[in-house]
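Working notes for the structure below.
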Amino acid sequence: MSTFLQCLSVQFRVIGALVMRELQTRYGRDNLGFLWLMGEPLMFASGVLVLWRLVRGEFQQGIPVITFTLLGYIPMLLFRHTVSRVLNCLRDSSALLYHRPVTLLDVIFARILSEIAGNLLTFAFAFGVLFATGLMDWPTQPALVFLGYFYMAWFTTGVGLVLGCLSDRSELVEKFWTPLSYLFIPLSGAYFLAAWANDTWREYYLLLPTVSAFELMRAGFLSDYVRSYWDQPYIAVWSASTTLIGLYLFRSAHRHFVVR
Amino acid sequence: MIRALGVTKDYRMERGIHRAIDDVSFTMNRGEKIAVLGLNGAGKSTLIRILSGVELPTKGTVERQMSLSWPLGFNTGFHPAMTGNDAARFVARVYGKPFPEVRGRADDFAELGRFMAEPIRSYSSGMQARLAFGLSLAVDFDCYLVDEVIGAGDQRFQRKSREELFEKRVNCALLLAIHSPDIVRSYCSKALIVHRGRAKIFEDIELALEIYQGL
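Top line first, the protein sequences correspond to chains A and B.
Just so we're aligned: the first sequence equals residues 133 to 392 in the working numbering.
Just so we're aligned: the second sequence equals residues 119 to 333 in the working numbering.
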């Protein structure tokens with residue numbers, strides 16, 4: 133038992149060191165430093181928020197546009213940015229694998245964790261500003277927002293593990309990812325409410341794995357305006373199975389990995 | 119003790135498979151200083167990487183009963199955007215040592231001064247080697263794996279690293295890939311000749327050097 137705990141503490145130490153390294157090298161120490169973690173998504177998000185608010189007005193089909201846009205845009209960025217950053221991550225971090233306590237899995241977890249942390253900070257900051265200025269209301273059911281975000285992060289982790297590992301074996305992964313990541317925008321559930329579909333189509337719509345996550349977050353904020361639909365076991369099964377496949381791929385990854 | 123048993127490493131090439139290491143077995147005891155002799159491309163670096171655990175063997179096993187350094191060679195083991203201080207912080211965290219001590223001891227050896235705050239990509243290759251070496255000395259491994267890098271440094275670096283490895287650390291084991299017969303004669307008790315992926319230990323240094331010169 134004590135050796136297991138020791139291993140666990142080494143694991144945490146190593147992942148901590150990798151996350152710090154990630155923040156230092158990506159954002160540097162100049163001006164805002166690691167706060168740039170939020171900078172890029174915030175700039176994107178404010179552009180989108182302003183545009184949608186101008187084009188669509190305050191409400192769209194009876195739903196507050198700003199809340200709707202923020203809840204769609206930021207979690208969608210989480211998935212797209214994390215997976216993009218995870219592709220070829222092993223190759224890029226190859227030098228760090230010179231240190232035996234550092235494993236391939238640590239490297240990819242560190243990257244996924246720092247992306248999730250950045251996205252969560254962005255989400256919190258953007259919500260803070262919008263709430264303070266009265267542009268957004270406090271969520272009616274905060275627990276549902278967290279639950280939806282949790283599934284989004286878990287699913288992202290699973291897909292990130294699988295594609296991160298496969299991208300090291302074949303360049304095709306990267307080639308397919310670019311169009312797929314654009315296709316993900318309309319198919320994610322970020323900008324289309326399940327309530328807008330009729331009963332037959334809604335069933336199919338909910339088969340897209342992340343729709344439930346977005347619907348859960350919207351349920352937390354917009355329950356006074358619209359009904360949300362979700363299937364928790366379904367997205368949990370997707371997240372768990374991608375995570376397991378990812379972990380399985382990593383089991384044999386080290387044997388094939390060439391440290392350059 | 120470190121024991122390699124039937125270690126074999128295959129790499130996938132554009133065409134077919136390249137066997138870089140072929141069924142290598144040997145034992146290295148605490149405090150032993152072993153020279154690794156072989157032509158370029160014989161498999162020395164691959165063998166060192168496998169011993170250190172950076173890469174896994176295709177077949178065979180490596181048993182490690184002492185702590186091993188990372189391979190100290192031309193690849194530093196750090197990201198080029200990290201500064202010397204970042205690297206010290208990274209090493210301190212990963213190997214569980216206090217940062218001020220790691221930084222202090224590394225810089226005593228590496229003498230980088232103000233450059234500790236600059237990114238590694240701005241270093242000359244000699245400075246990179248000094249940093250990596252200094253950091254590994256700060257961790258106090260039982261065994262150091264050195265891949266040619268000593269022979270490449272300037273005379274001051276060579277003198278300091280000799281002092282550290284051979285004089286101050288008599289009880290440290292050392293596996294040293296090197297081309298200089300003088301260093302082998304003065305400091306090593308055994309030699310491991312690596313040739314076309316095969317490797318054999320020689321207790322007789324002169325014999326080993328003679329074979330090496332005939333390759």
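Even for Gly, the Cβ is constructed at its ideal location relative to N, Cα and C.
Cβ-Cβ distance between L327(B) and L155(B) below 9 Å:
Residue numbering aside, residue 327(B) sits at position 209 when the second sequence is read from its first letter. Residue numbering aside, residue 155(B) sits at position 37 when the second sequence is read from its first letter. Yes, the Cβ-Cβ distance between L327(B) and L155(B) is below 9 Å.
> Where DSSP assigns a beta bridge to F320(B), which residues make up the other side?
Replying inline: Counted from its first residue, the second sequence places residue 320(B) at position 202. BP columns for F320(B) point to A309(B).
task = Compute the Euclidean distance between the alpha carbons of Q246(B) and V180(B), then round it to the nearest angstrom.
result = In the second sequence, residue 246(B) corresponds to position 128, counting from 1. In the second sequence, residue 180(B) corresponds to position 62, counting from 1. Their Cα atoms are separated by approximately 29 Å.
Counting only C-beta atoms, is V212(B) closer than 9 Å to chain A at any point? Translated into positions along the second sequence, residue 212(B) becomes position 94. By this cut-off, V212(B) is an interface position.
Inset, instruction - Would you list the residues sitting across from Q192(A) in a DSSP beta bridge? - result: Start at 1 with the first residue of the first sequence, and residue 192(A) comes out as number 60. In the DSSP output, where bridge partners are listed per residue, Q192(A) has I195(A).
_Anticipated Cβ contact below 8 Å, F275(B) with G231(B), distance rounded_ = Stepping through the second sequence from its first residue, residue 275(B) is reached at position 157. Stepping through the second sequence from its first residue, residue 231(B) is reached at position 113. About 15 Å; that fails the 8 Å criterion.
- Query: Taking the DSSP output, what are the residues bridged to A227(A)?
  - Reply: Position 95 of the first sequence, counted from the first residue, corresponds to residue 227(A). Bridge partners of A227(A): none, in fact.
Exercise for review: Determine, using beta carbons only, whether F251(B) and F217(B) come nearer to each other than 9 Å.
Suggested key: Mapped onto the second sequence, residue 251(B) falls at position 133. Mapped onto the second sequence, residue 217(B) falls at position 99. Contact flag unset, no.
Element boundaries [beta strand (DSSP E), containing D96(A)] = The structure shown does not extend to residue 96(A), since chain A is modelled only from 133 to 392, so the question has no answer here.
### Message
Counting C-beta neighbours from all protein chains within 10 Å, is the total for L157(B) 16 or more, i.e. buried, or is it exposed?
### Response
By 1-based counting over the second sequence, the position of residue 157(B) is 39. Exposed: under 16 other Cβ atoms inside 10 Å.
Taking Cβ-Cβ distances shorter than 9 Å, what residues in chain A pair up with Y129(B)?
Stepping through the second sequence from its first residue, residue 129(B) is reached at position 11. Correct list: V390.
task: Could you name the residues of chain B that Y159(A) contacts, counting a contact when the two beta carbons are closer than 8 Å?
output: Taking the first residue of the first sequence as position 1, residue 159(A) is located at position 27. In chain order: nothing, as chain B lies at least about 10 Å away.
- Query: Helix or strand or just coil, what does DSSP make of K215(B)?
  - Reply: The count along the second sequence starts at 1 and reaches residue 215(B) at position 97. K215(B) falls in the coil class under three-state DSSP.
As assigned by DSSP and simplified to three states, the class of V291(A): Your numbering for residue 291(A) matches position 159 in the first sequence. Helix.
One question on the structure: do F200(A) and L295(A) come within less than 9 Å of each other, judged by their Cβ atoms? Translated into the one-based positions of the first sequence, residue 200(A) becomes position 68. Translated into the one-based positions of the first sequence, residue 295(A) becomes position 163. No, these two residues do not count as a Cβ contact at 9 Å.
ask   = Apart from the five residues just before and just after R243(A), which ones in its own chain have a Cβ nearer than 7 Å to its Cβ?
value = Translated into the one-based positions of the first sequence, residue 243(A) becomes position 111. So the list reads E154, R217, V218 and C221, once near-sequence residues are dropped.
So the candidates are A122(B), A205(B), E285(B) and G271(B); which of them puts its Cα closest to the Cα of I296(B)? Locating residue 296(B) in the second sequence gives position 178, counting from the first residue. I296(B) has its Cα closest to that of G271(B), out of A122(B), A205(B), E285(B) and G271(B).
Evaluate contact between the region 130-140 of chain B and the region 304-318 of chain B, counting only Cβ atoms and requiring at least three cross-stretch pairs below 8 Å.
yes
Reducing DSSP to helix, strand and coil, say where T265(A) ends up. The count along the first sequence starts at 1 and reaches residue 265(A) at position 133. Here T265(A) sits in coil by DSSP.
Query - Inside the region 219-273 of chain B only - alpha helix (DSSP H) runs reaching at least 4 residues - result: 243-257 and 267-270
Self-check item: Partner residues on chain B for A242(A), Cβ-Cβ distance less than 9 Å
Solution: The sequence position of residue 242(A) within the first sequence is 110, counting from 1. Under the 9 Å cutoff, chain B gives no residues; its nearest Cβ is about 12 Å from A242(A).
query: Just how far apart, CA to CA, sit Y366(A) and A153(B)?
result: For the purposes of this step, residue 366(A) is identified with residue 234 of the first sequence, where counting begins at 1. For the purposes of this step, residue 153(B) is identified with residue 35 of the second sequence, where counting begins at 1. Taking the straight line joining both Cα atoms gives about 59 Å.
- Item | Listed by chain order, chain A residues near F233(B) by CB distance under 8 Å | Sequence index remark: in the second sequence, residue 233(B) carries index 115 (1-based). Those do not exist, as F233(B) stays about 15 Å from chain A at its closest Cβ, beyond 8 Å.
Residues of chain A with CB closer than 8 Å to the CB of M119(B), please, in chain order.
Locating residue 119(B) in the second sequence gives position 1, where the first residue counts as 1. Those within 8 Å of M119(B) in chain A number zero; the least Cβ separation is about 17 Å.
Checklist entry - Around the Cβ of M175(A), are there at least 16 other Cβ atoms within 10 angstroms (buried) or fewer (exposed)? => result Position 43 of the first sequence, counted from the first residue, corresponds to residue 175(A). Its Cβ having fewer than 16 others within 10 Å, M175(A) is exposed.
| request: Check the Cβ-Cβ distances between A227(A) and every residue of chain D, and say whether any is below 9 Å. | output: Among the protein chains of the structure shown, namely A and B, there is no chain D.
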